[in-house]
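Okay, so here's the structure we're looking at.
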Amino acid sequence: MNTDLSGRTAIITGGSLGLGRAMAEAFYREGANVAILARRQEVLDEAVASISAEPGGAIAGFACDVSDGESIASTHAALVDRFGHADILVNNAGQSHAKPFTSITDEDWQSDIDLKLMAAVRLTRLVWPHMEAQRWGRIINLLNVFAKAPDARTAPTSVTRAAGMALTKVLAGEGAPHNILVNGVLIGFIKSDQIRRMHEASGENISLEEFMANSGKRLPMGRMGEAEECANLALFLASEASSYITGCAINMDGGLSKVV
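In structure tokens form, the structure reads like this:
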């Protein structure tokens, strides 16, 4: 199966840690030029140094607040100057934000919309013209399983992720005539920085490894997923191997979701 990305440029938001970093490593190993975006420059620098220590394409980190339109625009201009226009966009930035409905403020709603939905809208709008002109593009939206089947007390995340799934389908329809393939990856419980934050918030006097193992026992496969497993799926969707797949929302959850 051909997953070579040589000559391609990929943007990965939230790319310095967790799932984003695992995807950056996978794309880099396959020869891509990878631009990772995150808020903290020092974390970006560490990720770039670690990833570039191995053979691969090229990688650079760009400090960017993807919830801010001006930050997105200036960062996009900088990465185009460095690598050229993007062929692949992975909208990965975001974190779980879930409360009882009546405790969610207008500010909570707007913050979640800007971070998870509008960031994807704004970046896609910037990369789309080049993809359309060259008749090749890949857009991968990282969502979660509550986008399909939300539970109580999962807003605002479940709502903004559902909007991201609708955006995925709209873009897939518009991109198909131009060979721009757009898909969603719906995450369940994957070992990531988000799980680390859950462990810290839990107050449990156990190690992170024990927390993940205990939490994983409650899942259908009896374990949490690995970030590298998510990266393998993203690599497939970003490559020529996925050349007839678009408009799909793929559960990456080890059987957690009750819907297909």
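Taken in order, the sequence shown gives residues 31 to 290; the numbers are from the working numbering. Each residue gets a CB set at the ideal place from its N, CA and C atoms; glycine is no exception.
Quiz item: Across which residues does DSSP place A93 in a beta bridge pair?
Solution: In the sequence shown, the residue the question calls residue 93 occupies position 63. In the DSSP output, where bridge partners are listed per residue, A93 has A68.
Self-check item: Boundaries of the beta strand (DSSP E) in which T198 is found, first to last residue
Solution: Looking up residue 198 in the sequence shown gives position 168. Careful: T198 lies outside any beta strand (DSSP E), inside the alpha helix (DSSP H) at T187 to G205.
Quiz item: With distances taken between CB atoms, is the gap from G218 to G284 smaller than 8 angstroms?
Solution: Taking the sequence shown and counting its residues from 1, one reaches residue 218 at position 188. Taking the sequence shown and counting its residues from 1, one reaches residue 284 at position 254. Contact flag set, yes.
Quiz item: By how many angstroms is the C-alpha of N32 removed from the C-alpha of N149?
Solution: Position 119 of the sequence shown, counted from the first residue, corresponds to residue 149. Position 2 of the sequence shown, counted from the first residue, corresponds to residue 32. At residue 149 the sequence reads Ala, which differs from the Asn that was named. Between A149 and N32, the C-alpha separation is close to 30 angstroms.
Quiz item: In whole angstroms, what separates the C-alpha of Q71 from that of Q140?
Solution: Within the sequence shown, numbered from 1, the residue matching residue 71 stands at position 41. Within the sequence shown, numbered from 1, the residue matching residue 140 stands at position 110. Straight-line Cα distance between these residues: approximately 25 angstroms.
Quiz prompt | Residue environment, N63, which counts as buried when at least 16 other CB atoms sit within 10 Å | solution = Residue 63 sits at position 33 when you count from the first residue of the sequence shown. Buried, because 16 or more other Cβ atoms sit within 10 Å of the Cβ of N63.
Practice problem: Answer yes or no: do G41 and L74 have a C-beta to C-beta separation smaller than 8 angstroms? | Solution: The residue given as residue 41 occupies position 11 in the sequence shown. The residue given as residue 74 occupies position 44 in the sequence shown. Reading off the sequence, residue 41 comes out as Ile, not Gly. Contact flag unset, no.
Self-check item: According to DSSP, residues forming a beta bridge with R168
Solution: Position 138 of the sequence shown, counted from the first residue, corresponds to residue 168. Partner(s): I118 and L211.
Practice problem: For my contact list, A185 and A231 are in at a C-beta cut-off of 8 angstroms; report their separation, rounded to the angstrom. | Solution: Here residue 185 corresponds to residue number 155 of the sequence shown, with the count starting at 1. Here residue 231 corresponds to residue number 201 of the sequence shown, with the count starting at 1. Actually they do not touch by this definition, with Cβ atoms about 18 angstroms apart.
Quiz prompt | Check whether L145 and V96 have beta carbons under 8 angstroms apart | solution = For the purposes of this step, residue 145 is identified with residue 115 of the sequence shown, where counting begins at 1. For the purposes of this step, residue 96 is identified with residue 66 of the sequence shown, where counting begins at 1. Yes, the Cβ-Cβ distance between L145 and V96 is below 8 angstroms.
Quiz item: Is K221 buried or exposed, if buried means 16 or more other CB atoms sit within 10 Å of its CB?
Solution: Here residue 221 refers to the residue found at position 191 of the sequence shown. When all chains shown are included, K221 counts as buried.
Self-check item: Cβ-Cβ separation, G205 to V212 (assumed contact under 8 angstroms), whole Å
Solution: Mapped onto the sequence shown, residue 212 falls at position 182. Mapped onto the sequence shown, residue 205 falls at position 175. Right, the Cβ-Cβ distance comes to about 5 angstroms (below 8 angstroms), so this counts as a contact.
Quiz item: S126: which of S46, L265, K288 and Q224 sits nearest, CA to CA?
Solution: Residue numbering aside, residue 126 sits at position 96 when the sequence shown is read from its first letter. For the residues S46, L265, K288 and Q224, the minimum Cα distance to S126 belongs to Q224.
Quiz item: In terms of residue numbering, what span does the beta strand (DSSP E) encompassing T281 cover?
Solution: Taking the first residue of the sequence shown as position 1, residue 281 is located at position 251. For the record, residue 281 in the displayed sequence is Asn; it is not Thr. First-last of the beta strand (DSSP E) with N281: A279 to M282.
Quiz prompt | Secondary structure of L35, DSSP reduced to three states | solution = Mapped onto the sequence shown, residue 35 falls at position 5. For L35, the secondary structure class from DSSP, reduced to helix, strand or coil, is coil.
Practice problem: Provide the residue(s) that pair with K221 in DSSP beta bridges, ordered along the chain. | Solution: To locate residue 221, count along the sequence shown from 1; it is residue 191. K221 is not bridged to any residue.
Quiz prompt | Member of I280, D136, T276 and A268 whose CA lies at the smallest distance from the CA of F57 | solution = Against the sequence shown, residue 57 aligns to sequence position 27. Looking at the Cα atoms, A268 is the closest of the given residues.
Exercise. Could you name each continuous alpha helix (DSSP H) segment of 4 residues or more that falls completely within the stretch 220 to 269, going from the start of the chain to the end?
Key: 223 to 232, 238 to 246 and 257 to 268
Quiz item: Quick one: what's got a C-beta closer than 6 angstroms to S82's C-beta in the same chain, skipping five residues either side?
Solution: What you label residue 82 is simply residue 52 of the sequence shown in a count that begins at 1. Once the five neighbours on either side are set aside, the close Cβ partners of S82 are I89.
Practice problem: Give every residue of the same chain whose Cβ lies closer than 6 angstroms to the Cβ of C260, excluding the five residues on either side of it in the sequence, and list them in chain order. | Solution: For this step, residue 260 is matched to residue 230 along the sequence shown. Cβ within range, chain order: L49, I220 and M282.
Quiz item: Under a Cβ-count criterion, where at least 16 other Cβ atoms within 10 Å of its own Cβ denotes burial, should M161 be classed as buried or exposed?
Solution: Here residue 161 refers to the residue found at position 131 when the sequence shown is read from its first residue. Buried: at least 16 other Cβ atoms inside 10 Å.
Practice problem: Using only alpha-carbon positions, find the residue among T187, M251, L47 and E270 that is nearest to D138. | Solution: Walking along the sequence shown from the start, residue 138 turns up at place 108. For the residues T187, M251, L47 and E270, the minimum Cα distance to D138 belongs to T187.
Quiz prompt | Backbone CA spacing between G61 and G86 [nearest angstrom] | solution = Here residue 61 refers to the residue found at position 31 of the sequence shown. Here residue 86 refers to the residue found at position 56 of the sequence shown. Rounded to the nearest angstrom, the two C-alpha atoms are 5 angstroms apart.
Quiz item: Out of curiosity, what's the CA-to-CA distance linking V175 and L47?
Solution: Counted from its first residue, the sequence shown places residue 175 at position 145. Counted from its first residue, the sequence shown places residue 47 at position 17. If I take the Cα positions, the gap works out to 21 angstroms.
Quiz item: Does DSSP put A128 in a helix, in a strand, or in coil?
Solution: Numbered from its first residue, the sequence shown carries residue 128 at position 98. Of the three classes helix, strand and coil, the one that applies to A128 here is strand, per DSSP.
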